[in-house]
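Count the sequence shown with my numbering and you get residues 1 to 155, in order. All C-beta atoms in this analysis are idealised placements derived from N, C-alpha and C, irrespective of residue type, glycine included. None of these values were measured; they are calculated from a predicted model. A quick write-up on the structure given underneath.
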Amino acid sequence: MVAWVTFPLCMGLMVVAKDLVWVALTDAWMGAVPIIQVLSLYAMIRSMAVLLPPVLMARYRPRFLFGYNLALLGVMPLAFWLGAVWWGPVGAAMAWVTVYPLLMLRMAREALHEVSTSWKSLWAELWPPSLATPTARAGVILFVALPPRNTSAVT
1 MVAWVTFPLC MGLMVVAKDL VWVALTDAWM GAVPIIQVLS LYAMIRSMAV LLPPVLMARY
61 RPRFLFGYNL ALLGVMPLAF WLGAVWWGPV GAAMAWVTVY PLLMLRMARE ALHEVSTSWK
121 SLWAELWPPS LATPTARAGV ILFVALPPRN TSAVT
């Protein structure tokens, strides 16, 4: 259910980020557009990851979560630093999108094991919103690309 809401919202934000920043924050913030677009992809990933720790806590796995968070604490700052040095702020944002999912896979594997669920079952739940999201994105892109209609009164 979460994916049905967050996937299209995040994808939509990626598409309209430039216009949103221009309207809400003015031209001075236009440099933030690529960062917002990258972090929108991270938000899609994170929206699924936030559901996993409660499962592990309910199954009495706080030790695993502690180790997982220690691993994040050790790996993510290094990834941010490398991304920032090589590609600036966009590179730091890219670290979220590239490194975090790799670590999250381990937590997902543990959570799936604890509830005796397979990756196949998880995918069966995630493929419909995953397929609908690019379709919605295409619709937004087409809508944005359409020329504005003349709404003046007929004379």
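- Each residue's CA atom was taken as its position, placing ARG61 and LEU20 some 41 Å apart.
- In the structure shown, MET1 falls within a coil segment according to DSSP collapsed to helix, strand and coil.
- The residues LYS18, VAL21, TRP22, in chain order, have a CB closer than 8 Å to that of MET30 in the same chain once the five nearest residues on each side in sequence are set aside.
- Assigned with DSSP and collapsed to three states, SER118 falls in coil, not helix or strand.
- The way I'd put it, the segment 98 to 112 does touch the segment 44 to 52; three or more beta-carbon pairs between them come closer than 8 Å.
- Spanning the alpha carbons of VAL144 and VAL99 requires a straight line of approximately 32 Å.
- Here VAL99 carries a helix assignment [DSSP, helix/strand/coil].
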